[in-house]
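Chains A and B, in that order, give the protein sequences. For what it's worth, numbering that gives the first Met the number 0 labels the leading residue of the first sequence as 0, then goes sequentially. For what it's worth, numbering that gives the first Met the number 0 labels the leading residue of the second sequence as 0, then goes sequentially.
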Amino acid sequence: MTTLGATAEQEELRDSVRRFLADRAPLTRVRELMETEDGTDKGVWEQAGSQLGLQGIAIPEEYGGAGFTFAEQAIVLEELGAALYGGPFLASAVLAATALLASSDEAARRDLLPAIASGETIATLAFTEDNGSWDPSTTRLFAAKTGDGWRLDGHKSFVLDGGSAGLILVLGVADGGLSLFAVGAGSAGLTRTVLPTLDQTRKLARLEFDGVTARLIGSVGDAAAIMDRVLDTAAIALAAEQLGGAQRAFDMAVEYSKVRHQFGRPIGSFQALKHRMADMLLEVESLRSAVNYAAAAVAEGAEEVPIIASLVKAYASETFFHVAAENIQIHGGIGFTWEHDAHLYFKRAKSSELFLGDATYHRERLASRIEL
Amino acid sequence: MPQPEDRSDAYLAAREAALGWLTVNWDPQLSVRAWWARLADSGWGFPTWPEDWFGRGLSADAAAGVRSAFLEAGALPPPASLGQQLGAPMLLLHGNAEQKARFLPPLARGEESWCQFFSEPGSGSDLASAQTRAVLSEAGWTVDGQKVWTSGAQWADRGMLLARTNRDVPKHQGLSFFVIDVGQPGIDVRPLHQMNGEHGFNEVFFTGAHIDDDRIIGEAGDGWSAAVTVLMYERFMASLPTAMPGRKAGQLDEPAGAAVQRAAQARSSGRTGVSELVIDVAARLGESGDPVLRQRLAALWATETINGYLARGGLSDRESRRPSAHGSLTKLARSELVRAGRDTGLSVLGAQGLLQDPAVPGGSEIRHRALSSPGASIAGGTDEIQRGIVGERVLGLPKEPRTDRDVPFRDLTIGTQRQAP
Ligand SMILES: Cc1cc2nc3c(=O)[nH]c(=O)nc-3n(C[C@H](O)[C@H](O)[C@H](O)COP(=O)(O)OP(=O)(O)OC[C@H]3O[C@@H](n4cnc5c(N)ncnc54)[C@H](O)[C@@H]3O)c2cc1C
Numbered sequence: 000m001t002t003l004g005a006t007a008e009q010e011e012l013r014d015s016v017r018r019f020l021a022d023r024a025p026l027t028r029v030r031e032l033m034e035t036e037d038g039t040d041k042g043v044w045e046q047a048g049s050q051l052g053l054q055g056i057a058i059p060e061e062y063g064g065a066g067f068t069f070a071e072q073a074i075v076l077e078e079l080g081a082a083l084y085g086g087p088f089l090a091s092a093v094l095a096a097t098a099l100l101a102s103s104d105e106a107a108r109r110d111l112l113p114a115i116a117s118g119e120t121i122a123t124l125a126f127t128e129d130n131g132s133w134d135p136s137t138t139r140l141f142a143a144k145t146g147d148g149w150r151l152d153g154h155k156s157f158v159l160d161g162g163s164a165g166l167i168l169v170l171g172v173a174d175g176g177l178s179l180f181a182v183g184a185g186s187a188g189l190t191r192t193v194l195p196t197l198d199q200t201r202k203l204a205r206l207e208f209d210g211v212t213a214r215l216i217g218s219v220g221d222a223a224a225i226m227d228r229v230l231d232t233a234a235i236a237l238a239a240e241q242l243g244g245a246q247r248a249f250d251m252a253v254e255y256s257k258v259r260h261q262f263g264r265p266i267g268s269f270q271a272l273k274h275r276m277a278d279m280l281l282e283v284e285s286l287r288s289a290v291n292y293a294a295a296a297v298a299e300g301a302e303e304v305p306i307i308a309s310l311v312k313a314y315a316s317e318t319f320f321h322v323a324a325e326n327i328q329i330h331g332g333i334g335f336t337w338e339h340d341a342h343l344y345f346k347r348a349k350s351s352e353l354f355l356g357d358a359t360y361h362r363e364r365l366a367s368r369i370e371l
Numbered sequence: 000m001p002q003p004e005d006r007s008d009a010y011l012a013a014r015e016a017a018l019g020w021l022t023v024n025w026d027p028q029l030s031v032r033a034w035w036a037r038l039a040d041s042g043w044g045f046p047t048w049p050e051d052w053f054g055r056g057l058s059a060d061a062a063a064g065v066r067s068a069f070l071e072a073g074a075l076p077p078p079a080s081l082g083q084q085l086g087a088p089m090l091l092l093h094g095n096a097e098q099k100a101r102f103l104p105p106l107a108r109g110e111e112s113w114c115q116f117f118s119e120p121g122s123g124s125d126l127a128s129a130q131t132r133a134v135l136s137e138a139g140w141t142v143d144g145q146k147v148w149t150s151g152a153q154w155a156d157r158g159m160l161l162a163r164t165n166r167d168v169p170k171h172q173g174l175s176f177f178v179i180d181v182g183q184p185g186i187d188v189r190p191l192h193q194m195n196g197e198h199g200f201n202e203v204f205f206t207g208a209h210i211d212d213d214r215i216i217g218e219a220g221d222g223w224s225a226a227v228t229v230l231m232y233e234r235f236m237a238s239l240p241t242a243m244p245g246r247k248a249g250q251l252d253e254p255a256g257a258a259v260q261r262a263a264q265a266r267s268s269g270r271t272g273v274s275e276l277v278i279d280v281a282a283r284l285g286e287s288g289d290p291v292l293r294q295r296l297a298a299l300w301a302t303e304t305i306n307g308y309l310a311r312g313g314l315s316d317r318e319s320r321r322p323s324a325h326g327s328l329t330k331l332a333r334s335e336l337v338r339a340g341r342d343t344g345l346s347v348l349g350a351q352g353l354l355q356d357p358a359v360p361g362g363s364e365i366r367h368r369a370l371s372s373p374g375a376s377i378a379g380g381t382d383e384i385q386r387g388i389v390g391e392r393v394l395g396l397p398k399e400p401r402t403d404r405d406v407p408f409r410d411l412t413i414g415t416q417r418q419a420p
């Protein structure tokens with residue numbers, strides 16, 4: 000592994016993303032958008048693409064991206080997580096883009112990635128089904144060869160931004176194994192239902208496929224390998240978001256404990272809280288180190304990525320939720336209100352913990368991957 | 000699911016006697032009002048209250064037996080606003096004869112709902128620093144200030160009010176305890192929304208609100224002792240889902256049979272125990288065989304079962320019907336159980352836990368409990384405050400040095416802002 004410390008360029012990137020989000024997507028705006036069906040401010044999404052080039056940051060220049068690495072994308076994700084950004088970044092720029100990059104389909108990459116990189120197309124990856132399993136081998140959605148194309152029958156669920164995406168990459172089983180397909184949102188036979196979520200800043204949908212015409216991405220049977228890479232990358236991407244959320248929730252707790260007085264002194268002066276915040280800092284800093292290491296590993300295509308992915312997703316899930324719950328506790332009654340932002344982090348922490356598999360799930364994978 | 004059955008004799012005897020009475024007297028055709036009146040006269044609604052006052056002088060352990068009889072008989076349980084749960088025990092210990100005679104009958108019959116005006120924006124854990132003032136004139140007391148997080152104020156006929164009546168003495172000595180009528184012009188109840196999407200608590204503004212002089216509990220300046228009684232009872236609170244007392248909720252004239260059904264349905268699974276709920280959902284999702292989840296489910300069940308034993312053990316101190324600091328232990332145990340139920344429950348739901356309305360029966364209740372979970376370790380005194388009480392009052396550890404005990408109230412720093420001089 001070469002770099003663990005951030006370069007000046009990376010710090011500049013972090014600053015500009017943070018300023019952009021503070022200005023264009025503050026929590027007041029997050030609250031308005033979370034009440035909408037797609038959770039996205041189109042103007043902000045477009046600007047993120049046209050001014051900052053965020054959606055294409057880790058997409059190679061030959062496919063219309065900026066050609067930076069996953070290390071830079073992780074910085075963007077961390078800032079998005081801190082701001083509880085509710086738009087389709089994880090779905091489009093991570094899940095869908097990684098799936099295309101991981102496939103062997105050069106034509107599809109050339110066709111589809113440039114619009115994803117610019118933000119013009121919102122894409123997602125539909126791989127989970129009603130059984131709620133994160134393991135692609137449980138896929139049931141059926142893909143059949145027709146004259147010159149494919150037709151899909153079945154369903155997908157828990158699809159991130161599946162209600163708003165214009166391009167849906169779909170995992171299906173064909174005669175010959177797990178395969179990846181592309182479907183336009185307007186396709187005949189596709190019915191999309193937005194599912195109300197516990198964390199309103201994350202939009203999920205259930206999709207029904209009734210003889211939907213689809214384009215095969217790559218070749219039949221190669222999607223298991225694609226999904227391996229996608230899920231590992233996505234787990235690390237989500238962990239970067241979780242780090243951002245954890246840091247922000249932690250900062251809220253520390254700040255409040257300095258100004259809130261009870262018993263004639265700041266509540267942060269009570270060791271009961273002070274020691275817990277010291278422990279939380281240890282967790283958040285450990286997570287930061289792990290995320291940085293993991294991001295560098297993805298950027299370099301290191302062999303150990305599968306191990307690091309499960310390690311970091313398990314740790315991030317526990318750390319973010321722990322800090323978010325403690326943040327409410329340290330705020331007392333005000334932390335339990337809808338008006339205070341603490342609950343938004345609590346809910347995001349829970350949904351991020353469950354999405355792509357919780358800590359138990361990832362520790363089990365880790366155990367297999369380190370050959371226990 | 001089999002439950003260990005090792006109830007005390009007092010529990011079993013009370014259960015049997017109550018069941019006998021309920022079998023004869025429970026009538027779903029009666030209005031809620033008429034049923035609760037009948038219950039009040041029988042002494043089975045509030046068995047821990049003295050026989051002179053709608054009760055039977057039973058221990059809290061026996062009262063748990065009575066609660067189980069209500070479930071068994073399918074009868075509408077007694078009214079359970081904070082007036083019945085906290086106000087009445089407080090009146091029995093601190094109220095004068097006239098106050099008991101005035102307030103206890105409408106509480107026992109469920110004709111009134113009460114709330115608790117304790118917490119303020121600047122004073123939660125440090126409740127004794129309350130700033131809401133009450134000033135005495137010939138016409139009675141006049142109240143100005145603000146309370147917050149007041150649960151059920153929107154339904155309340157009266158509230159238990161802790162207010163400052165002297166700013167020149169140390170904080171604990173300048174407080175008085177009142178029973179205040181809520182439906183008067185000087186009181187403005189505004190809803191606050193909770194993170195679980197409900198409107199349970201409120202912020203309440205007092206501007207020249209009036210209290211008759213005979214509504215002060217104990218002497219002026221003595222309010223802290225009554226407040227402590229209320230807080231101690233709060234840690235033990237146990238009630239069954241029932242209809243809402245008081246006129247404002249509009250349920251008094253409904254048939255009691257319909258009310259008991261609605262109360263039961265308020266919990267979608269109809270279960271009161273969290274471990275039973277989570278175990279049931281795991282079985283429905285076919286996850287009970289997962290070795291890791293099995294461990295967590297068994298641990299959750301064990302925690303809840305032990306909590307039950309712990310609560311009963313502590314209740315033996317309550318033979319005198321005065322709660323002790325042991326309540327802080329049971330409250331801490333409950334916070335832990337609530338957190339474990341939340342985390343195990345959502346893990347059982349897995350991807351379905353991402354949804355507002357999980358498809359599996361019981362799933363929405365797990366979700367709702369999870370989103371309500373942070374309240375358990377904050378409401379009624381935070382976990383940190385309970386640990387402090389256990390350390391100082393149960394273990395007798397030396398008290399934390401305090402800078403604010405002997406200083407006149409007017410010189411203290413409260414909440415997030417400096418006191419106005
Ligand atoms: C669901 C719900 C319902 C409620 N209903 C009512 C009601 O009906 N009536 C009513 O009057 N109030 C009610 N409350 C208010 C509740 O009693 C207070 O929120 C609680 O006592 C904490 O006070 P606070 O919110 O001011 O937090 P603070 O007291 O400001 O506490 C903030 C943090 O500091 C910690 N802290 C404070 N002092 C110490 C210390 N000495 N040592 C270590 N840590 C410390 C706390 O534990 C907490 O983590 C309700 C609260 C909730 C959440």
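For glycine and all other residues, C-beta sits at the position ideal for the given N, C-alpha and C.
If residue i sits next to residue j, beta carbons under 8 Å apart, how far is it from one beta carbon to the other, in whole angstroms?
{"i": "valine 311/A", "j": "isoleucine 235/A", "result": "6 Å"}
{"i": "glutamine 371/B", "j": "lysine 247/B", "result": "The sequence given here has serine at residue 371/B, not glutamine. About 23 Å; that fails the 8 Å criterion."}
{"i": "glycine 244/A", "j": "phenylalanine 319/A", "result": "5 Å"}
{"i": "leucine 159/A", "j": "leucine 203/A", "result": "6 Å"}
{"i": "valine 259/B", "j": "glycine 73/B", "result": "7 Å"}
{"i": "leucine 355/A", "j": "alanine 233/A", "result": "6 Å"}
{"i": "leucine 12/A", "j": "glycine 85/A", "result": "Not quite, the Cβ-Cβ distance comes to about 21 Å (not below 8 Å), so this is no contact."}
{"i": "glutamate 338/A", "j": "histidine 192/B", "result": "7 Å"}
Closest to residue i by CA distance: which of the options is it?
{"i": "leucine 21/B", "options": "Ser372/B, Val31/B, Ser41/B", "result": "Ser41/B"}
{"i": "arginine 386/B", "options": "Leu272/A, Ile327/A, Val297/A, Asp357/A", "result": "Leu272/A"}
{"i": "serine 327/B", "options": "Ile413/B, Arg283/B, Glu383/B", "result": "Glu383/B"}
{"i": "glycine 217/B", "options": "Phe177/B, Gly185/B, Gln250/B", "result": "Phe177/B"}
{"i": "serine 58/B", "options": "Phe235/B, Pro254/B, Thr304/B, Asp289/B", "result": "Phe235/B"}
{"i": "threonine 196/A", "options": "Phe19/A, Pro25/A, Leu353/A", "result": "Leu353/A"}
{"i": "glutamine 84/B", "options": "Lys146/B, Pro244/B, Ala369/B, Trp25/B", "result": "Pro244/B"}
{"i": "arginine 66/B", "options": "Trp48/B, Gly44/B, Pro49/B, Gly56/B", "result": "Gly44/B"}
{"i": "glutamate 119/B", "options": "Gly288/B, Pro78/B, Ala162/B", "result": "Ala162/B"}
{"i": "threonine 138/A", "options": "Ser117/A, Gly220/A, Asp110/A", "result": "Gly220/A"}
{"i": "glycine 123/B", "options": "Gln328/A, Leu89/A, Val29/A, Arg30/A", "result": "Gln328/A"}
{"i": "valine 375/A", "options": "Gln50/A, Lys41/A, Asp37/A", "result": "There is no way to answer for residue 375/A, as the model of chain A reaches only from 0 to 371."}
{"i": "aspartate 227/A", "options": "Ser309/A, Ile333/A, Gly153/A", "result": "Ser309/A"}
{"i": "leucine 281/A", "options": "Ile306/A, Gln246/A, Gly267/A", "result": "Gln246/A"}
How would you write the range of the alpha helix (DSSP H) that residue i sits in, first residue to last?
{"i": "isoleucine 115/A", "result": "105-117"}
{"i": "phenylalanine 19/A", "result": "7-23"}
{"i": "threonine 318/A", "result": "304-330"}
{"i": "glutamate 254/A", "result": "222-258"}
{"i": "leucine 179/A", "result": "That residue, leucine 179/A, is in no alpha helix (DSSP H); its beta strand (DSSP E) goes 176-183."}
{"i": "glutamate 77/A", "result": "69-81"}
How far does the beta strand (DSSP E) with residue i in it extend, from its first residue to its last?
{"i": "tryptophan 44/A", "result": "That residue, tryptophan 44/A, is in no beta strand (DSSP E); its alpha helix (DSSP H) goes 41-49."}
{"i": "methionine 243/B", "result": "That residue, methionine 243/B, is in no beta strand (DSSP E); it is neither H nor E in DSSP."}
{"i": "valine 203/B", "result": "201-210"}
{"i": "lysine 144/A", "result": "141-144"}
{"i": "alanine 122/A", "result": "122-125"}
{"i": "proline 190/B", "result": "186-190"}
Residues, ordered as in the chain, of the stretch 199-216 of chain A that lie near chain B by beta-carbon distance below 7 Å: Those residues of the stretch 199-216 of chain A placed with their C-beta closer than 7 Å to a C-beta in chain B are Leu203, ordered along the chain.
Output needed in chain order: residues of the stretch 329-346 of chain B with a Cβ under 7 Å from some Cβ in chain A. Within the stretch 329-346 of chain B, Leu345, Ser346 place their CB atoms closer than 7 Å to a CB of chain A, listed in sequence order.
Return the residues of the stretch 172-196 of chain B that lie within a Cβ-Cβ distance of less than 8 Å from chain A, sorted by chain order. Taking 8 Å as the cut-off between beta carbons, the residues of the stretch 172-196 of chain B near chain A are Leu191, His192, Gln193, Met194, Gly196, in sequence order.
With 7 Å as the limit, tell me which residues of the stretch 290-311 of chain B have their beta carbon closer than that to any beta carbon of chain A; keep them in chain order. If the cut-off is 7 Å between Cβ atoms, the stretch 290-311 of chain B has Val291 near chain A.
Would you list, in chain order, the members of the stretch 390-410 of chain B that have their beta-carbon closer than 7 Å to a beta-carbon of chain A? Answer set for the stretch 390-410 of chain B: Arg401, Thr402, Asp403.
Can you list, in chain order, the residues of the stretch 118-129 of chain B whose Cβ is nearer than 7 Å to any Cβ on chain A? Result list: Ser118, Gly123, Ser124, Asp125.
Along the stretch 75-95 of chain A, where does the CB come closer than 8 Å to a CB of chain B? Name the residues. Cβ contacts with chain B come from no residue of the stretch 75-95 of chain A.
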